[in-house]
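Q:
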């Protein structure tokens, strides 16, 4: 028998009768059966609740609170019994104790799960912590039932993400989701979103509850307008003033490297970053190590002031040449940029505040020879919302001609919209709308 070092030889928590009873209740086989049923199955939530009670029984035993340990173990057993009943019949009337004592709002994932319950109009629904680090909430209302599990963010963007499943939707609610931009799949009659940022999952739930299609770009100040106009001159002048103020804050070396980047060495620098070359390797044509260049570019961009409102900026993007020549640009964009997905660029990114200037870097026309030429129906333009980046006109060889804002390497965005057939500078573009992960809502 396990013995603690405390005087009197008190039993360790794992050998406490209540803890052992709770452990038997949440058997691995029952867990496997609940997992096999799927996250949207009510048995999954019941088993997760049983695990939560078993964990609390262990914590109570460790603290020497025998009465609480026994109470939590009994609740774990009751939840396990409900799990078995629901596995046998998912519509079974199987009540079980929720309201676990753990503070599920202590972590962002738990707070996000509460927000999803509120979006579903089911703020009273319990949020259940899972053994895999997720937090599950479920709701069941007339014409509208489902479950969501929020997981911790990963290295891609650091934001909590959600797996969302609707098990019951009336026709209007289903149509609202079908007319929303997030991709989904169907499985055994359920509408499933495998992975979306938690704040966008909240919008999906709202769309299902209200029967109104979601428009995630609106939350970031973007629109579905059919055209984008050139940047007005007065706004271009404000950009010059901002850039001049920033240029007074950077060092001579920082200014020199920004100037070289904008003038002639951006391709070499970004090529090194794309290819993952060593920071000790010299950048072609510059004679200095990549690490030194990046250190000064990063510090220069970091000195840019944060605006009162995020910037809306643009960048022309070229799909693979065979995609342009075969006029498959729109299909290619839809395959590679899905709303709710993550876009990251390991290089330094030059954007323009002027959509017409940005569009010039994504021409619809292609030319191989006098007899081999053509025009695709779309070009591609990024429309991004960000509070970061430096307006570099004051130190650029092109002055303010490009209306340029330079973003640091490794900038990461969430895709919040795909707008088709947008007229920019007289040509059709598909606009990929992006939100900087540093500017999206947190919980």
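Residue numbers (our numbering): 9 to 451. C-beta: ideal position from N, C-alpha, C; glycine also.
(1) Flag this pair as yes or no: are the beta carbons of residue 120 and residue 133 separated by less than 8 Å?
(2) Residue 365 lies in the alpha helix (DSSP H); which residues open and close that run?
(3) Look up residue 231 in the DSSP assignment and say whether it is helix, strand or coil.
(4) In this structure, does DSSP put residue 24 in helix, strand or coil?
(5) Could you have a look at residue 258 and say whether DSSP puts it in helix, strand or coil?
(6) Can you tell me whether residue 340 is helix, strand or coil according to DSSP?
(7) Considering only C-alpha positions, which residue in the set 327, 297, 289 and 356 is nearest to residue 306?
(8) Do residue 413 and residue 361 have their C-beta atoms within less than 8 Å of each other?
(9) What whole-angstrom Cβ distance do residue 258 and residue 311 have, given they're in contact under 8 Å?
(10) Distance, Cα to Cα, residue 138 vs residue 222?
(11) Less than 8 Å between the CB atoms is what I'm expecting for residue 382 and residue 435, so what's the real figure, rounded?
(12) Are the CB atoms of residue 319 and residue 397 nearer to each other than 8 Å?
(13) Applying the criterion that 16 or more other CB atoms from any shown protein chain within 10 Å of the CB defines a buried residue, is residue 358 buried or exposed?
(14) Which of the three DSSP states, helix, strand or coil, is assigned to residue 455?
(15) Identify whether residue 147 lies in helix, strand or coil by the three-state DSSP scheme.
(16) Output the boundary residues of the alpha helix (DSSP H) element that contains residue 104.
(17) Give the straight-line distance between the Cα atoms of residue 401 and residue 262, rounded to the nearest whole angstrom.
(18) Strictly by DSSP, which residues pair up with residue 422?
(19) Secondary structure at residue 154, three-state DSSP: helix, strand or coil?
(20) Please report the Cβ distance between residue 85 and residue 33, rounded to the nearest whole angstrom; I am assuming they are in contact, meaning their Cβ atoms lie under 8 Å.
(21) Provide the residue(s) that pair with residue 263 in DSSP beta bridges, ordered along the chain.
(22) Touch check for the segment 339-355 and the segment 202-209: three-plus C-beta pairs under 8 Å?
(23) Following the continuous alpha helix (DSSP H) through residue 38, name the residue where it begins and the one where it ends.
(24) Just curious, the beta strand (DSSP E) that residue 202 is in, first and last residue?
(25) Indicate whether the contact test is met: 3 or more Cβ pairs, each with one atom in the segment 247-258 and one in the segment 225-232, closer than 8 Å.
(26) On a Cα-Cα basis, can you pick out the residue from 444, 159 and 339 that is closest to residue 353?
(27) Which of the three DSSP states, helix, strand or coil, is assigned to residue 223?
(28) Give me, in chain order, the residues of the same chain whose beta-carbon lies closer than 7 Å to that of residue 128; leave out the 5 immediate sequence neighbours on both sides.
(29) Are at least three pairs of beta-carbons, each pair with one atom in the segment 150-166 and one in the segment 182-194, less than 8 Å apart?
(30) Taking C-beta to C-beta, are residue 439 and residue 391 nearer than 8 Å?
(31) Alpha carbon to alpha carbon, what distance is there between residue 314 and residue 253?
(32) Tell me the DSSP bridge mates of residue 170?
(33) Hey, residue 321 and residue 364: beta-carbon distance below 8 Å or not?
(34) Locate the alpha helix (DSSP H) running through residue 74, then write down its first and last residues.
(35) Beta-carbon within less than 7 Å of residue 483's beta-carbon, same chain only, minus the 5 sequence neighbours each way: which residues are those?
(36) When you compare the segment 72-88 with the segment 20-30, are there three or more beta-carbon pairs, one atom per stretch, that lie closer than 8 Å?
A: In terms of the structure at hand:
(1) No, these two residues do not count as a Cβ contact at 8 Å.
(2) Residue 365 -> alpha helix (DSSP H) spans 363-367.
(3) Three-state DSSP puts residue 231 in coil, outside helix and strand.
(4) Here residue 24 sits in coil by DSSP.
(5) The answer is coil: DSSP assigns residue 258 none of H, G, I, E or B.
(6) Secondary structure of residue 340 (DSSP, three-state): helix.
(7) Among 327, 297, 289 and 356, the Cα nearest to that of residue 306 belongs to 356.
(8) Yes, they are a contact pair.
(9) Right, their Cβ atoms sit about 5 Å apart.
(10) C-alpha separation (whole angstroms): 29 Å.
(11) Actually they are not in contact, since the Cβ atoms of residue 382 and residue 435 sit about 14 Å apart, beyond 8 Å.
(12) Yes, Cβ-Cβ distance for residue 319 and residue 397 is below 8 Å.
(13) Note on residue 358: 16 or more other CB atoms within 10 angstroms of its CB, so buried under the neighbour-count rule.
(14) With the chain represented from 9 up to 451, any question about residue 455 goes unanswered, as that position is not in the structure.
(15) In the structure shown, residue 147 sits in a strand (DSSP, three-state: E or B).
(16) It is not in any alpha helix (DSSP H) - residue 104 carries neither H nor E in the DSSP assignment.
(17) Roughly 14 Å separates the two Cα atoms.
(18) Checking the DSSP bridge columns, you'll see residue 422 partnered with 350 and 443.
(19) Looking at residue 154 - three-state DSSP - the assignment turns out to be strand.
(20) Approximately 4 Å separates the beta-carbon atoms of residue 85 and residue 33; this is inside 8 Å, confirming the contact.
(21) Under the DSSP definition of a beta bridge, residue 263 lacks any partner.
(22) The segment 339-355 is in contact with the segment 202-209.
(23) It spans 36-45 - the alpha helix (DSSP H) in which residue 38 sits, taken as one unbroken run.
(24) Per DSSP, residue 202 belongs to the beta strand (DSSP E) from 198-205.
(25) The segment 247-258, when compared against the segment 225-232, does not touch it at the 8 Å Cβ threshold.
(26) Checking every option, the nearest Cα to that of residue 353 belongs to 444.
(27) Under the three-state reduction of DSSP output, residue 223 falls in the coil class, being neither helix nor strand.
(28) Excluding sequence neighbours, residue 128 sits near 147, 213 and 217.
(29) Touching, no.
(30) Yes. Within cutoff.
(31) Put simply, the backbone Cα of residue 253 is about 13 Å away from that of residue 314.
(32) Answer is 158 and 204, bridged to residue 170.
(33) No, Cβ-Cβ distance for residue 321 and residue 364 is not below 8 Å.
(34) Unbroken alpha helix (DSSP H) run through residue 74: 74-96.
(35) No answer is possible for residue 483: it lies beyond the span of the chain, which begins at 9 and ends at 451.
(36) Below 8 Å, enough C-beta pairs join the segment 72-88 and the segment 20-30 to call them touching: three or more.
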